[in-house]
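Protein sequence lines, in the order shown, are assigned to chains A and B. Under the working numbering, the first residue of the first sequence carries the number 1, and numbering increases by one thereafter. Under the working numbering, the first residue of the second sequence carries the number 1001, and numbering increases by one thereafter. For reference, the structure is listed below as structure tokens.
Protein chains: 2
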Amino acid sequence: MASRSTQILEAAARVIARRGVRGLRVEELAAEAGVSTGLIYYHFKDRTGILRHTLEFINDRAERYTTARDPDAPPLSPREELEHTLLLELQEKEEVRENSAAWGELRSTAVFDAALREDLARATLVWVREVAALLGRVHPRAPAVTLTSAAERLTALLEGLSMRWLSGGLPVDRARELLKGAIAVELAGLDRG
Amino acid sequence: MASRSTQILEAAARVIARRGVRGLRVEELAAEAGVSTGLIYYHFKDRTGILRHTLEFINDRAERYTTARDPDAPPLSPREELEHTLLLELQEKEEVRENSAAWGELRSTAVFDAALREDLARATLVWVREVAALLGRVHPRAPAVTLTSAAERLTALLEGLSMRWLSGGLPVDRARELLKGAIAVELAGLDRG
DNA sequence: GTCTATAACGGGATAGAC
DNA sequence: GTCTATCCCGTTATAGAC
């Protein structure tokens, strides 16, 4: 059974995905979580605290579904694993949509809220490194800086595609196709060195 | 001399770039524009009216500086023009930062506000077409669908890089470098067909 | 730990003078 | 058209009981 804190953070992810960070009302969050507003302040101190913990929660959850692998599934080639990992973030699944929406909100909120910047920058760095490592498994001889640049481009592109998807201008299948294309183009670039 | 309305909208663009849509306070806007709050409500009815008119103002302005070309400047090669046009959006210039920040705000607001989606989708489409046309001038033999996909990737990447830049995780020079890299990689992809 | 109040405040919006 | 003054509501945050 999830703890109270977790229960509130799950609700926060839902409310943020539904209303955005801008639209998050502590009272609505309380209702969604089935607790009182007072309890929320007891656990998270203030509005910013809610946001920060939600970001952390979302990251952990993404980590989980990104890393999770069915033990009986056939092993993936490095390239397949790279594609699989990136495409995980572009799915109609409710949990994925929530995570993407919340991530986008936090990103755009951070533009005007210094308190979130540091956490966000750190989380982004971790993500870029993961992707760079996956690229490195496809192209073991490529220099680290080249891998990092490609990883920064692919992750930034994924964020851009996510925003277009969520803001209704781009069907998720088209977004996936574009991302696959970018992976192909980047890998071809690494081939040439 | 700019009209009072224009003066207020210019101030609104500055304030939104500084505080975001959610952080926009009518009182602060009034101070920034050097007018009273009452006058703002007189001209724009309410907060939403301010936002709508400001977003329109920003689009018109971006149109202007993207299209403007010094008549005495040396003519650019197709590839230079492509790079130039895309890199215009990644500069420390105050007006550019304002527009990028406001655009990002618009994009992320649209995720939760259906009223903005249509305008945004239309503006995005126009932009993608422009970039596809520029790509076509570099590679006249490339098929239209290929050009469109590359243009969608480059513009989505630019939006993603902008967000990272504005949220403090990515220096603008690094963002420019990454974008240039993406252009190179995409053009190489068009070479191979 | 959790709830029910309610305090405290910020900020949108309006009235009315000039 | 423009300003000053102010009302009033929504929201965050806290106090105190259980």
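All C-beta atoms in this analysis are idealised placements derived from N, C-alpha and C, irrespective of residue type, glycine included. Source: prediction; values computed, not measured.
Alpha carbon of residue i to alpha carbon of residue j, nearest angstrom
i        : j        : result
E1152(B) : D70(A)   : 34 Å
L1055(B) : E1089(B) : 17 Å
P1078(B) : L154(A)  : 25 Å
V1126(B) : A1133(B) : 11 Å
V1025(B) : V1035(B) : For the record, residue 1025(B) in the displayed sequence is Arg; it is not Val. Taking the straight line joining both Cα atoms gives about 14 Å.
L94(A)   : V1128(B) : The residue you asked about is not Leu; residue 94(A) is Glu in the sequence shown. Their Cα atoms are separated by approximately 29 Å.
V1111(B) : T66(A)   : 24 Å
L21(A)   : E1177(B) : One point to set straight first is that residue 21(A) is Val, not Leu, in the sequence displayed. Roughly 31 Å separates the two Cα atoms.
Y1042(B) : P1075(B) : 47 Å
L1187(B) : W1165(B) : 24 Å
E1118(B) : P143(A)  : 43 Å
R141(A)  : T1048(B) : 54 Å
A1011(B) : R1064(B) : 18 Å
I1183(B) : D1046(B) : 43 Å
E1092(B) : P1171(B) : 10 Å
L1029(B) : D1060(B) : 20 Å
R1192(B) : R1137(B) : 16 Å
L1120(B) : I1008(B) : 23 Å
L1082(B) : D1173(B) : 18 Å
A946(B)  : I1050(B) : Because chain B here runs from 1001 to 1193, residue 946(B) falls outside it and cannot be looked at.
R18(A)   : R97(A)   : 10 Å
S1003(B) : A1175(B) : 36 Å
A33(A)   : T1085(B) : 47 Å
G1038(B) : L106(A)  : 33 Å
T1124(B) : T124(A)  : 26 Å
Expected contact under 8 Å - CB spacing of residue i and residue j to nearest Å
i        : j        : result
A1013(B) : F1057(B) : 7 Å
G181(A)  : S1149(B) : 6 Å
G1023(B) : S108(A)  : Contact flag wrong, Cβ pair sits at about 12 Å.
L1135(B) : A156(A)  : No, L1135(B) and A156(A) are not in contact; Cβ-Cβ is about 19 Å, not under 8 Å.
I16(A)   : A102(A)  : 5 Å
S100(A)  : S167(A)  : Between S167(A) and S100(A) the Cβ distance is about 11 Å, and since that is not below 8 Å, they are no contact.
L179(A)  : L87(A)   : 6 Å
V1185(B) : V185(A)  : 5 Å
E159(A)  : G1160(B) : 4 Å
Reduced DSSP secondary structure (H/G/I, E/B, other) of residue i
i        : result
D173(A)  : helix
D191(A)  : helix
S5(A)    : helix
S1149(B) : helix
G1181(B) : helix
S162(A)  : helix
Assigned exposure category for residue i - 16 Cβ within 10 Å defines buried
i        : result
R122(A)  : exposed
D113(A)  : buried
V145(A)  : exposed
R52(A)   : buried
H139(A)  : buried
G1169(B) : buried
T1006(B) : exposed
E80(A)   : exposed
A68(A)   : exposed
A1073(B) : exposed
A115(A)  : exposed
A62(A)   : buried
Quiz item: Fully enclosed by the region 1073-1146 of chain B, which alpha helix (DSSP H) runs are 4 residues long or longer?
Solution: 1078-1087, 1094-1110, 1114-1138
Quiz prompt | Within the region 1011-1081 of chain B, ranges of the alpha helix (DSSP H) (whole runs, at least 4 residues) | solution = 1026-1033, 1037-1044, 1047-1067
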